[in-house]
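Trainee:
2 protein chains.
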Amino acid sequence: MSQESPAAARADQPRRRAVSKRSLATSLAILDAAERLFAERGYDGASVRDIASAAGAQIASISFHHVGKETLFERVVERRAKELSQLRLDALSMLKAHDAKPTLKALLSAFLRPYLEKAGAGDPQWLAYARLVAMVSADIRWHRISERCFDPTAGVFIAEIVKLFPQADRSAIAVSFIFSVSAMLSLSTSQWRIEALSAAAGNQPAMDRLADQLVSFCEAGMRAALKG
Amino acid sequence: MSQESPAAARADQPRRRAVSKRSLATSLAILDAAERLFAERGYDGASVRDIASAAGAQIASISFHHVGKETLFERVVERRAKELSQLRLDALSMLKAHDAKPTLKALLSAFLRPYLEKAGAGDPQWLAYARLVAMVSADIRWHRISERCFDPTAGVFIAEIVKLFPQADRSAIAVSFIFSVSAMLSLSTSQWRIEALSAAAGNQPAMDRLADQLVSFCEAGMRAALKG
DNA sequence: GTCTATATGTAGATAGAC
DNA sequence: GTCTATCTACATATAGAC
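Written out as structure tokens, the structure reads:
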């Protein structure tokens with residue numbers, strides 16, 4: 009968290025003051041509140057007033073810490089996107105360390121599970137973020153954010169799948185990967201639907217059960233789409 | 009379109025005047041413009057001012073014809089939802105007329121293809137509507153519209169699939185149906201992504217090719233998820 | 001860094017003339 | 001049914017005191 013050391017404070021060279029704890033706390037509180045409200049109400053539906061109020065901060069502090077509403081939104085998305093991408097790439101590295109040619113199921117699992125685990129672990133901030141990602145992915149207005157935050161990692165996994173199926177049509181691989189991602193996102197956007205449609209069945213499926221179903225679904229679906 | 013007849017005009021009983029052609033045209037122009045702008049910018053992002061302007065109408069005419077912004081939005085979604093549901097149910101009837109026990113693939117096809125055909129035929133109004141449906145499906149604020157417009161038909165198809173797989177877990181069927189629907193919706197929300205990711209492959213997949221891939225993907229995925 | 005006050009724009013809705 | 005004019009509320013952003 010880069011707290012300043014006494015030695016640094018004594019340096020005679022004029023220097024940029026380190027961010028104070030309080031300032032950092034305000035900035036983070038704003039990011040957290042924005043994450044929640046953007047996820048609940050969408051970009052236009054969440055006002056900076058409400059965000060500031062939910063963060064216990066002043067309206068003016070949003071411009072001070074995060075330039076403006078648009079930059080705030082981008083920072084909210086980017087913050088966790090980096091962590092998520094890292095988790096996915098770590099899972100991929102681990103996989104390849106054990107097996108130079110991982111299975112399709114293992115690849116999909118490495119990509120899908122970090123998201124599901126974060127979203128399903130009950131952390132409300134990650135749950136909100138999961139809905140936010142779904143929003144960004146579906147809205148053409150934010151497609152630059154998608155390109156920057158999500159597409160590079162997706163590209164790495166698609167390249168791995170291409171290596172596994174060198175004879176398959178590459179665009180078919182890309183398309184079925186998108187089907188898989190959108191099925192993944194549906195678990196956070198359509199949770200209420202799942203609950204409603206499962207109600208007749210009498211039981212609520214647990215998140216890890218859902219994750220298994222998703223991976224099975226996507227693997228089989230992709231194999232079928234690549235054959236066609 | 010319920011034009012009034014001279015005979016009716018001469019009736020001595022006072023009656024509700026039929027809607028004039030011009031009024032109807034204005035009302036429809038507003039619906040069309042709203043469909044496009046809501047799809048492009050979301051509910052909050054599209055103002056009634058812009059909608060009225062795009063429709064060549066006055067702002068006040070929106071309240072006059074459609075009560076207010078929220079009712080306008082619901083009417084936009086409902087208008088085509090009825091047509092879409094009918095196409096799906098017709099396809100199902102046709103299917104069952106030939107075969108009391110249709111295949112899973114045939115059932116999925118009956119549900120998925122009407123949407124894809126409408127969205128893929130190049131009609132820009134239907135394309136906008138397809139994006140709008142994706143928006144409504146993903147946004148919890150509109151889940152009442154989903155329940156009213158889409159869930160009943162989805163329920164009919166899920167019931168058919170349950171009949172096909174009486175031994176399978178019902179909630180697993182519901183969940184994989186949701187995966188399928190969200191993969192379907194991704195074709196309209198992620199078209200730019202498909203284009204970007206397919207670019208490396210050099211060719212743009214045609215819509216009917218995509219539809220085949222989607223049906224194959226969902227059928228195989230669902231079978232796998234039901235086994236698990 | 002924070003806060004008050006305010007500038008400036010735009011939102012949705014409607015009253016009342018035509 | 002349409003259109004002009006306007007009401008009221010709320011949006012984002014910033015200037016300047018503390």
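As they're listed, the protein sequences go chains A and B. With positions in the first sequence counted from 1, the corresponding number in our numbering is that position plus 8. With positions in the second sequence counted from 1, the corresponding number in our numbering is that position plus 8. By construction, the Cβ of each residue, glycine as well, lies at the ideal position given by its N, Cα and C atoms. Since this is a predicted model, take the numbers as computed values, not measurements.
Just mark Q66(B) as buried or exposed, buried being the case when its beta carbon has 16 or more other beta carbons within 10 Å.
Mentor: Here residue 66(B) refers to the residue found at position 58 when the second sequence is read from its first residue. It is exposed - the Cβ of Q66(B) has fewer than 16 other Cβ atoms within 10 Å.
Trainee: Is G163(A) helix, strand or coil by DSSP?
Mentor: By one-based count along the first sequence, residue 163(A) stands at place 155. Residue state, collapsed to three classes: helix.
Trainee: Hey, could you find the ends of the alpha helix (DSSP H) W134(A) is sitting in?
Mentor: Start at 1 with the first residue of the first sequence, and residue 134(A) comes out as number 126. Element bounds for W134(A): 132 to 146.
Trainee: Suppose contacts are defined by Cβ-Cβ distances below 9 Å. Is A62(B) in contact with A41(B) by that definition?
Mentor: Position 54 of the second sequence, counting from 1, holds the residue named residue 62(B). Position 33 of the second sequence, counting from 1, holds the residue named residue 41(B). Contact: yes.
Trainee: Please name the residue, chosen from Y137(A), Q199(A), V170(A), that lies closest to L112(A) on a Cα-to-Cα basis.
Mentor: Locating residue 112(A) in the first sequence gives position 104, counting from the first residue. Answer by Cα proximity: V170(A).
Trainee: Which chain A residues are close to D220(B), counting only those with a beta carbon under 8 Å from its beta carbon?
Mentor: One-based indexing of the second sequence puts residue 220(B) at position 212. Ordered by position in chain A, the residues that pass the 8 Å Cβ test against D220(B) are G236.
Trainee: DSSP three-state label for S93(B), please.
Mentor: As a working note, residue 93(B) is residue 85 in the second sequence. Three-state DSSP puts S93(B) in a helix.
Trainee: For A108(A) and chain B, any beta-carbon pair shorter than 9 Å?
Mentor: Here residue 108(A) corresponds to residue number 100 of the first sequence, with the count starting at 1. Cβ-Cβ to chain B under 9 Å: no for A108(A).
Trainee: Does the Cβ-Cβ distance between M136(B) and R44(B) come in under 9 Å?
Mentor: Position 128 of the second sequence holds residue 136(B). Position 36 of the second sequence holds residue 44(B). Before going on, a small fix: residue 136(B) reads as Ala here, not Met. Result yes, Cβ atoms of A136(B) and R44(B) sit closer than 9 Å.
Trainee: Report the neighbours of I186(B) on chain A: residues whose CB is nearer than 9 Å to its CB, in chain order.
Mentor: If you number the second sequence from 1, residue 186(B) lands on position 178. Here the neighbours are A191, S194, L195, S198, R201, I202, L205.
Trainee: Give the interface partners of R156(B) over in chain A, defined as CB-CB distance under 7 Å, in chain order.
Mentor: The sequence position of residue 156(B) within the second sequence is 148, counting from 1. Those within 7 Å of R156(B) in chain A number zero; the least Cβ separation is about 13 Å.
Trainee: Would you kindly check if the distance between the Cβ of L124(B) and the Cβ of L195(B) is under 9 Å?
Mentor: Your numbering for residue 195(B) matches position 187 in the second sequence. Your numbering for residue 124(B) matches position 116 in the second sequence. In this structure, L124(B) lies closer than 9 Å to L195(B) by Cβ.
Trainee: Give me the chain B residues within the contact set of D216(A), using Cβ-Cβ distance strictly less than 8 Å, ordered along the chain.
Mentor: If you number the first sequence from 1, residue 216(A) lands on position 208. Simply none; closest approach about 12 Å.
Trainee: Determine the DSSP secondary structure at K109(B), reduced to helix, strand or coil.
Mentor: Within the second sequence, residue 109(B) is the residue found at index 101, counting from 1. It is coil, neither helix nor strand.
Trainee: Counting C-beta neighbours from all protein chains within 10 Å, is the total for A228(A) 16 or more, i.e. buried, or is it exposed?
Mentor: Taking the first sequence and counting its residues from 1, the one referred to as residue 228(A) is at position 220. When all chains shown are included, A228(A) counts as buried.
Trainee: Tell me, please, whether the CB atom of R87(A) is closer than 9 Å to any CB atom in chain B?
Mentor: By 1-based counting over the first sequence, the position of residue 87(A) is 79. No, no contact with chain B.
Trainee: Could you tell me the distance, in whole angstroms, from the CA atom of M230(A) to the CA atom of R178(A)?
Mentor: Within the first sequence, numbered from 1, the residue matching residue 230(A) stands at position 222. Within the first sequence, numbered from 1, the residue matching residue 178(A) stands at position 170. Looking at the two C-alpha atoms, the distance is approximately 12 Å.
Trainee: What's the call for D131(A), buried or exposed, on a 16-neighbour Cβ count within 10 Å?
Mentor: Counted from its first residue, the first sequence places residue 131(A) at position 123. Exposed: under 16 other Cβ atoms inside 10 Å.
Trainee: What do you reckon, are the CB atoms on V56(B) and W150(B) nearer than 9 Å?
Mentor: Position 48 of the second sequence, counting from 1, holds the residue named residue 56(B). Position 142 of the second sequence, counting from 1, holds the residue named residue 150(B). No, Cβ-Cβ distance for V56(B) and W150(B) is not below 9 Å.
Trainee: Establish whether the CB of M102(B) and some CB of chain A are separated by less than 9 Å.
Mentor: By one-based count along the second sequence, residue 102(B) stands at place 94. By this cut-off, M102(B) is not an interface position.
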